[in-house]
Structure formats: C-alpha cells, structure tokens
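Residue numbers (the numbering used here): 4 to 294.
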C-alpha cells in the first residue's frame, strides 16, 4: 500500500506536472519550468554541509561535507528534465541527502540543455566534469535520474571507448535508453504514469534522435566491462521498459546489476518527499557506498 504522501504526489503530478509535459518545448516554456522547479523545491543547507559554486573550468555545485568518512570519494550527481527543464538547484535536497548517507562530497553538474545547446553539449559538459573530478578524487560514484541517468550511461560508454578509468559504481533512477518513445510501456502506461507522457515526439535537444548512436540512445551500447550498476524505477511509469531492457542488456554483458521496480510508483518518484523516496535513497546510498 502506498503512503499518503505518495498518493498526494500522484494527485499533484497528474493535475499540475503531466499536463505541462504535453506543451511544446519553447524557450519560454523551458524557462518557466526551470523557475517553477527551483521555486517549488526550496532547500536550506544543513549544518555541516557547505555549498561551493563552480563556474570554471566546469559549471556546477559542490556540496562539501565537513565530516565525511570517504574523503577520497565524490558523488557525481546528474539531474534529469528531458535535457531542458531540469536544474541543479531544484535537486539539491536529493543530492545532499545522498552525500550525507554515503558520507562523501557531491558535485552536481550544471550541464548545457536545450534551447541553449544541443547534443553533444551535455555529453561534453559531463565528460569535462568527470575529468575535473578525476584530478581531485580517487573514487567517483555516479547517480543520475531520467535524462541524468542516460548521461551517466553515455558518460561511462564514452570513457570505456576511450580506454579511460570508469566510475566505481552507477546508480540510475528511471533511465531513458532510447530517444524514440516506441517501447510498449510508453503506450500501455501512458494513463498510469502521473508524471510523464508516453509515446510522443523526441525531446528537441537531439537533432538526430533516431540515429543508432549509443551516446544518444544507450540501448545500442556495449556494456561489457561496466562497473556495478543499480537501476530503480516505478512499476507504473511510461519508461518502465527502458529499465527492464537495460537490466537485461547489462546482465547479459556480465555486469553486476541490481534492479528495483517499485510497485505503484511513477517516473522519478524519488524527487518527492515521501517514505518510499526515503527508502529508495537509503538503498541507493548503501549500494554506492560498497567497496
């Protein structure tokens, strides 16, 4: 049975968030969505956590823990938002909570989105952030939600192709592995997912969404040699099949993969303040903290 907070989140999302998903991604719509995300998720940094904004050579925010057990480890945090509407600021609560539970610093990448840029702008920003962190930490953990989970995959695929050191672990929440919305769940779960629309036009960030490029759609990627990976998703979400297929492909490639499908829940439910999210975050932190 879902918590009352989850039921309220479903009602709120169905009434206010999903209708906006059907609007065209105009610059005005995108800016409005980012502003609403920031204003709707106010956050005060707890004692012992310091914000450090970084503008060069990469753009993002450090959340530094004064007392941390893993001093040579950092969590690379990648927000979602269809490569357009997400913000670093609106995800501070989730990023800081993960950092506290893992007991390490966090760096949230403020990567380029649409309409300011198009693929591979975000890819380049995330790879630059990874290189920046690699110079400063011995161990890098990666968490991404929705489009951020896609970027976690494309980052690792690119690093593997270049023969560079991979992240220690990946935690993916509601990942998207194909930019074409044609998987079964994107049709069958359209009425069930209160957060996200199902089958529809590709996001405008990609000029060639149908291209069989693993850095656009990781479904075409080779996952052999990937680090341990945890996948979380909701049973009702339109992107459910993305998680199921990714789990199959990674497991087939010999990756140590853990899949958690949360009954009755929806796309990136972890962004909402509710008991189910707290439970999921604790499990993710436990997974990422393992040696």
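Idealized CB from N, CA, C, for every residue including glycine.
Inter-residue Cα distance where the pair is residue i and residue j
i           : j           : result
residue 40  : residue 132 : 23 Å
residue 135 : residue 7   : 42 Å
residue 22  : residue 28  : 13 Å
residue 80  : residue 4   : 30 Å
residue 127 : residue 282 : 33 Å
residue 47  : residue 148 : 22 Å
residue 164 : residue 158 : 10 Å
residue 111 : residue 274 : 15 Å
residue 253 : residue 223 : 12 Å
residue 162 : residue 171 : 12 Å
residue 272 : residue 285 : 14 Å
residue 26  : residue 225 : 35 Å
residue 35  : residue 250 : 35 Å
residue 302 : residue 62  : The requested residue 302 is not part of the displayed model; the chain covers only 4 to 294.
residue 182 : residue 33  : 19 Å
residue 2   : residue 66  : A question about residue 2 goes unanswered here, because the residues of the chain that appear run from 4 up to 294.
8 Å contact criterion, which residue i and residue j should meet: CB distance rounded
i           : j           : result
residue 113 : residue 91  : 5 Å
residue 290 : residue 258 : About 13 Å separates the two Cβ atoms, so there is no contact after all.
residue 69  : residue 51  : 5 Å
residue 153 : residue 178 : 6 Å
residue 169 : residue 232 : 11 Å between Cβ atoms; not a contact.
residue 188 : residue 203 : Wrong, their Cβ atoms sit about 13 Å apart, outside the cutoff.
residue 85  : residue 277 : Residue 85 to residue 277, Cβ: 23 Å. No contact.
7 Å Cβ cutoff met for residue i and residue j
i           : j           : result
residue 88  : residue 37  : yes
residue 212 : residue 160 : no
residue 150 : residue 83  : yes
residue 58  : residue 279 : no
residue 209 : residue 122 : yes
residue 101 : residue 288 : yes
Residue i (DSSP reduced to helix, strand or coil)
i           : result
residue 219 : coil
residue 287 : helix
residue 100 : helix
residue 235 : strand
residue 261 : strand
residue 151 : helix
residue 121 : coil
residue 2   : An answer regarding residue 2 cannot be provided, because it is not within the stretch 4 to 294 covered by the chain.
Q: Would you check if there are 3 or more beta carbon pairs closer than 8 Å linking the region 232 to 240 to the region 264 to 275?
A: yes
Q. For the region 96 to 111 against the region 10 to 30, are there 3 or more C-beta pairs whose distance is under 8 Å?
A. no
Q. Are the region 137 to 151 and the region 76 to 92 touching by the rule of at least three beta carbon pairs closer than 8 Å?
A. yes
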